[in-house]
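Take the sequence shown: its position 32, counted from the start at 1, is 69 in the numbering used here, and no numbers get skipped. We treat Cβ as the ideally placed atom computed from N, Cα and C, and that holds for glycine. Here the structure is a predicted model, which is why all the values come from computation and not from measurement. Okay, structure first, notes after.
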Amino acid sequence: MISSSMARRLRVYVAAGLAMTAGWVAPALAGGAMATGGLTSQPIGHYDFCKLHPG
């Protein structure tokens, strides 16, 4: 059987873990894809990189 102080401590640790996880997940969900204003070009060096490292 779990003592009340141990259960209380466990609840605090779980709450802290959930808060930290929410802090990491929220920015990732909010980011999404970058909006562009129209036609864009690939970054400098992208073509050469893809030639050297085919996917």
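Item, Value
"Go ahead and pull the three-state DSSP assignment for M71.", "coil"
"To the nearest angstrom, report how far apart K88 and G82 are at their CA atoms.", "10 angstroms"
"Would DSSP call G54 helix, strand or coil?", "helix"
"Over the uninterrupted alpha helix (DSSP H) stretch that includes L76, give me the two end residues.", "Unbroken run through L76: none, as it is neither H nor E."
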